[in-house]
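In this note's numbering, the protein residues as written are 63 to 336. We treat Cβ as the ideally placed atom computed from N, Cα and C, and that holds for glycine. All values reported here derive from a predicted model rather than from experimental measurement. Accompanying notes for the structure given below.
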């Protein structure tokens, strides 16, 4: 099965490489993809009715994303600043009809002009830094920081996982069923559709709706790209805001940091460890 599906790894690696900077190593991605394919073969259960190519594709894509994250040393704060700067640049470009200057960007953000250049430099290093040209290991160590996550990064990762658990458990029952069965149990969409009494197309729509809620809930809880309160007009927007508030209030900081895999079956009360 591994030999027969080797082209699948190559296809997915090429798909990823088309969306990332040129310095990303094809060899490293391919290695991660092959390992994921081997693990997928071991874990595959044909009795579940899921085609192997679909099952393996999910595993391989996940491994490729993890590999990209491991090689991206830009901190969460750097990424957040870059997003805010990009948003302001887009707004100013529309208003001014031209590319704004660093001074105009700094004024809009309420920061010093030097911070704009520093932030751009940090993002640039994160995107274009390639170690292929360095033969001296000591030079590499001085130019690139350790890939090991520091205490702050570990806390942020644990908190994000905790919020993700809360976000899934706070979803409306039918949306939670779709997410649980599709992503956690890897059950065929047709099986979920039959259980809920809807079409596969409707299940796909519900999955998209759930992902939108999850993404919004995480961003709101982590203060990343949260919509302004004034934007919450209309019934749908108000439901989203209520969901965001429920996610944020579901657990305390200590509980989120100690989050473990959870039982996502419908229930009342606090979340239970699986």
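Secondary structure of residue i, DSSP reduced to three states
i, result
"residue 281", "helix"
"residue 249", "coil"
"residue 261", "coil"
"residue 106", "coil"
"residue 297", "helix"
"residue 161", "coil"
"residue 228", "helix"
"residue 151", "helix"
"residue 95", "helix"
"residue 81", "coil"
"residue 309", "helix"
"residue 314", "coil"
"residue 174", "coil"
"residue 121", "helix"
"residue 268", "helix"
"residue 112", "coil"
"residue 233", "coil"
"residue 65", "coil"
"residue 87", "coil"
"residue 205", "Residue placement at residue 205 is flagged as unreliable, the pLDDT there being 38, under the threshold of 50; a coordinate-derived value is accordingly withheld."
Nearest to residue i (by Cα), restricted to the options the options
i, options, result
"residue 249", "102, 111 and 74", "111"
"residue 66", "103, 131 and 311", "103"
"residue 73", "82, 98, 119 and 87", "119"
"residue 274", "99, 258, 254 and 302", "302"
"residue 256", "239, 71 and 163", "239"
"residue 88", "149, 81 and 75", "75"
"residue 280", "229, 127 and 116", "229"
"residue 312", "226, 270, 242 and 245", "226"
"residue 146", "161, 170 and 77", "170"
"residue 125", "78, 153 and 174", "78"
"residue 97", "81, 173, 64 and 117", "64"
"residue 173", "278, 82 and 150", "150"
"residue 129", "258, 82 and 70", "82"
"residue 116", "260, 278 and 99", "99"
"residue 300", "158, 317, 314 and 278", "278"
"residue 224", "176, 283 and 71", "283"
"residue 269", "253, 244, 218 and 86", "244"
"residue 131", "219, 261 and 316", "219"
"residue 316", "298, 221 and 252", "221"
"residue 165", "176, 216 and 297", "176"
Minimum Cβ-Cβ distance from residue i to chain C less than 7 Å
i, result
"residue 217", "The structure shown contains no chain C, having only a single protein chain."
Between the segment 142 to 151 and the segment 107 to 121, do three or more beta carbon pairs fall short of 8 Å? With contact defined as three or more Cβ pairs closer than 8 Å, the segment 142 to 151 and the segment 107 to 121 are not in contact.
Is it a yes or a no for the segment 224 to 238 touching the segment 79 to 99, going by three-plus beta-carbon pairs under 8 Å? A contact is defined here as three or more CB-CB pairs under 8 Å, and the segment 224 to 238 fails this definition with respect to the segment 79 to 99.
Could you check whether the segment 255 to 265 touches the segment 302 to 316, counting it as contact only if at least three pairs of C-beta atoms, one from each stretch, sit closer than 8 Å? Between the segment 255 to 265 and the segment 302 to 316 there are fewer than three C-beta pairs closer than 8 Å, too few to call the two in contact.
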